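Inspection log for the structure reproduced underneath, given as structure tokens.
There are 2 protein chains.
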Amino acid sequence: MEPVRIGILGLGTVGGGTVALLRRNAESLRRRLGRPLEVTRVAVQDPDKPRPADLSGIDLTTDAEGVCTDPDIDIVVELVGGVDNAEPLVRAALGHGKPVVTANKALLAERGNELFRFAGEKGVDLAFEAAVAGGIPIIKALREGLAGNRIQSVHAIANGTANYILSRMRTQGLEFEEALAEAQDLGYAEADPTFDVDGIDAAHKLALVAAVAFGTPINYDALHMEGIRAVTGEDIQFAAEMGYRIKLLAITRPAVDDGVEIRVHPALVPESAMLAGVEGVFNAVEVVGDAVGPTLYYGPGAGAEPTASAVVGDLVDVARTLGAPPEYRVPYLGFHAEGMREPRWAPIEEVETEYYLRLQAKDQPGVLAQVTRILAEEGISIEAIRQKEPLPGEEDVPVVLLTHTTRERAIRKALAAIDRLDVITGPSQMIRLEEVGTG
Amino acid sequence: MEPVRIGILGLGTVGGGTVALLRRNAESLRRRLGRPLEVTRVAVQDPDKPRPADLSGIDLTTDAEGVCTDPDIDIVVELVGGVDNAEPLVRAALGHGKPVVTANKALLAERGNELFRFAGEKGVDLAFEAAVAGGIPIIKALREGLAGNRIQSVHAIANGTANYILSRMRTQGLEFEEALAEAQDLGYAEADPTFDVDGIDAAHKLALVAAVAFGTPINYDALHMEGIRAVTGEDIQFAAEMGYRIKLLAITRPAVDDGVEIRVHPALVPESAMLAGVEGVFNAVEVVGDAVGPTLYYGPGAGAEPTASAVVGDLVDVARTLGAPPEYRVPYLGFHAEGMREPRWAPIEEVETEYYLRLQAKDQPGVLAQVTRILAEEGISIEAIRQKEPLPGEEDVPVVLLTHTTRERAIRKALAAIDRLDVITGPSQMIRLEEVGTG
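Structure below.
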């Protein structure tokens, strides 16, 4: 059989891993597909840079657009990253009737709707399993495996760097800046860690997951996002004392009133939950469906070969239906274009969950009376209060509260009032608590 | 658009759940598929039996074969169970050019090769996600999501009843018979529990998983199978003291020398492993791929709606490619017929793993010297030994050993010699120990 000819844009970590994987497992891939998958051209910025991968027989070029328009290329794999530079390349490939496989979550989170529409007009695939949760086939699970369900919630640990930092803060008693520096030394975090620690990367992934879970257009702007910079070692310790761990979660679920919640923020999860046990650079996605109940998908969230695993999985899918009428292929986001609905994206103030509050108070009688009065006025019911001893040399004491389920608007109003109290000496901490469903 | 007309054979737990799910989520399924999925006929044994499901508009019939041959049925869902009664029905449907969706693991484990061949000749799908691990989309993950990988191991908790019994034995300190009786009272175990507790059900599932993981024909007969009847409360307690839990595992992996291992048996797993935390009626499948590394898939392993979730996921897949040329569809077991290979199925004696041994010995000096001499003669290296105190009123003492990785042939030879020692007063227990990869 004729080989399927693949052009790859970008030969960084994932590009190199993809070339290596396609070569190493060429035989088993041919057994699956009935045809060989062959990388024929790779576009790079610097053709003279030494490459770890075996590139024999591959045409190395600096002409990325030429790969996208090459009539001898059947499928284009976009691994250059970025938005403004990747978009014209993806468009060029789609415009020339070539399906595209991409790991580019930023591109799809920000321009996905237009790109999927364009791919639809051209009748070709635009596959993106590698854009979410590395090697975990979560897009396939949500889009196909759980197609019979209405999704009730998704809670994902979707950024390995942030998860590593939180893991080290907990196990080594580090503060955020110390754990970040360690992650940077080990190459787990970038010199500019913004994408990872401020939640942007997890948010890009969540924007895609929400669309696939609920059959909506991608709406990155609707997303509420908080990173992990404000989580302190004290928070992690207090949470642990009460049986919780703090994770950066990407969450989407039907909103309480109507519409869809979509939010990335640190959250307490019960230490008995499976998500609590996901440590270091691993990812996990908990999906609750109305029929299946709670399910969980776990694996490496990044890295050359795990991400290449997702790229090659997509390549097999796409290669199998090369030239097939589009109706035989899975819709990009799992729903037909005419079946997609723009929901009301519920603002964060409407979220109902439990809350961890840490207040900084004067060490004097009556503090709790004032705090609990304010919470009661907002209709907030308290599950637990812990008033700590002041640290040596400190005059203030931390007061930690867990609330029962309450609406975020009420919490915010109460916290504003609490922070105006004379007995409160610093800004209060608020971290949401998620009663996840597995474990 | 014209509805896809579905005929269902059998209206038990899963059949009822499937009808209910297709009705409840009809709107979201139409958004996914672009066409309605409509149950038009259901075959039952007793049409007068009261049914919990809303069957309005459905033609209830006792003529199962008539549903399979009905020209107005597009897809047949086989949920009658059993082998000899289900096979002719599945053949009738396939023979009339109708794709079949089935949850029948026994049928496919025993007759799958012939049925897939026949389906291939007729150019129609035979889908079976619901046959393995209930609602967990593990067949899709192995067959498609991880298609880029060569699979290095699969370790599955694939039978919820056995897992429930082992969970209760551990947490409540019960013996097997007590926990079984409890499971039977709760309806988790059948009056004749053989399928679940002797490993047959897990073995049926494993036979399918191994074929999908390695691109082999299904070979149920090659499988080594041990159930959980011989696991004692003492074993569970001793394992816990050393940091392990005992689970009934379904395992397949490339053999040490050549070929494929395929075995179901109780096994110790480190309590820190994710599989160890899977309790009660839940299932989980750990898959290690050469590219992706360790991944895990978790969810409900049985039940009306979880299994219906898998059936409906298959229905969406099958409906989408109704009438499509077969080359556009995923091969039944993930590999093209001409790409499938009958491997050497490695006999259990060739397995290399670690072992938990519990010996029943006289409480006198020199026992360990004799036992360790025999193990040394077989080249077996010991990781830990615990000689217990005799229980009150007992003269014998349990001696517990953990070995380093060794070949099963050597363990069996050593145990035969140990059991001939005068100081050994009863048959020895041997349980394999699996160093699973996640957590």
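Line by line, the protein sequences give chains A and B.
Residues 1 to 439 (this note's numbering) make up the first sequence, in order.
Residues 440 to 878 (this note's numbering) make up the second sequence, in order.
Every residue gets a Cβ at the ideal spot worked out from N, C-alpha and C, and that includes glycine.
Computed from a predicted structure; not experimentally measured.
For Lys-205/A, the uninterrupted alpha helix (DSSP H) segment begins and ends at 200-214. The criterion of a C-beta distance shorter than 8 angstroms is not satisfied by Ser-309/A and Leu-581/B. For Thr-633/B, the enclosing alpha helix (DSSP H) covers residues 633-636. DSSP, read as helix, strand or coil, puts Ile-667/B in coil. Bounds of the alpha helix (DSSP H) holding Phe-176/A are 176-185. For the beta strand (DSSP E) assignment, the uninterrupted runs of no fewer than 3 residues enclosed by the region 538-574 of chain B are, from N- to C-terminal side, 539-541. Annotation for Asp-290/A: no beta strand (DSSP E) segment contains it, and DSSP assigns it neither H nor E.
What His-775/B touches in chain A, judged by beta-carbon distance under 8 angstroms, is Arg-31, Arg-32, Leu-33, Gly-34, going in chain order. Within chain B, the residues whose beta carbon sits less than 9 angstroms from that of Lys-140/A are Pro-576, Lys-579, Ala-580, Glu-583, Gly-584, listed in sequence order. Counted as a single uninterrupted DSSP element, the beta strand (DSSP E) harbouring Pro-709/B occupies residues 699-709.
For Met-664/B, no CB of chain A lies under 8 angstroms from its own CB, so it is not counted at the interface with that chain.
When beta bridges are read from the DSSP output, Ala-723/B appears opposite Ile-596/B, Tyr-737/B.
At least 8 angstroms separates the CB of Asn-159/A from every CB of chain B. When the beta-carbon positions are compared, Ala-715/B and Arg-684/B come within less than 8 angstroms of each other. With a cutoff of 8 angstroms on beta-carbon distance, Arg-783/B and Asp-697/B are scored as near each other. In the structure shown, Thr-610/B falls within a helical segment according to DSSP collapsed to helix, strand and coil. Taking C-alpha positions only, Val-316/A is separated from Lys-537/B by approximately 26 angstroms. Pro-294/A reaches chain B at Gly-738, counting residues in chain order whose Cβ is nearer than 7 angstroms. Residue environment analysis places Arg-111/A among the buried positions, since at least 16 neighbouring C-beta atoms fall within 10 angstroms of its C-beta. According to the DSSP assignment, Gln-803/B belongs to no alpha helix (DSSP H), since it is labelled neither H nor E.
Contact of Glu-517/B with chain A is not assigned, every C-beta pair being separated by 8 angstroms or more. Contact with chain B is found for Val-330/A, since one of that chain's Cβ atoms lies less than 8 angstroms from the residue's Cβ.
For Glu-305/A, the nearest CB of chain B lies under 8 angstroms from its own CB, placing it at the interface with that chain. Taking CB atoms only, Gly-728/B has a neighbour in chain A less than 8 angstroms away. Shown here, Ile-380/A sits in coil according to DSSP, grouped into three states, outside any helix or strand.
With a threshold of 8 angstroms between beta carbons, Leu-460/B makes contact with chain A. For Met-869/B, no Cβ of chain A is located within less than 8 angstroms of the residue's own Cβ.
Proximity of chain B to Thr-438/A at the Cβ level (cut-off 7 angstroms) is accounted for by Tyr-737, in chain order. Measuring C-alpha to C-alpha distances from Val-720/B to each of Arg-607/B, Gly-818/B, Asp-637/B identifies Arg-607/B as the nearest. The Cβ atoms of Leu-707/B and Asn-598/B do not sit closer than 8 angstroms to each other. Contact note: Asn-552/B does not reach chain A at a C-beta cutoff of 8 angstroms; the least C-beta distance is about 17 angstroms. Interface residue (Cβ-Cβ distance to chain A less than 8 angstroms): Arg-589/B is classified as such. Scanning Val-124/A, Gln-152/A, Phe-176/A, Asp-396/A for the CA closest to the CA of Ala-291/A turns up Gln-152/A.
At a cut-off of 8 angstroms between C-beta atoms, Asn-219/A does not count as an interface residue with respect to chain B. Residue burial annotation: Gln-803/B is exposed, with fewer than 16 other C-beta atoms found within 10 angstroms of its C-beta. Closer than 8 angstroms to the CB of Ser-309/A there is at least one CB belonging to chain B.
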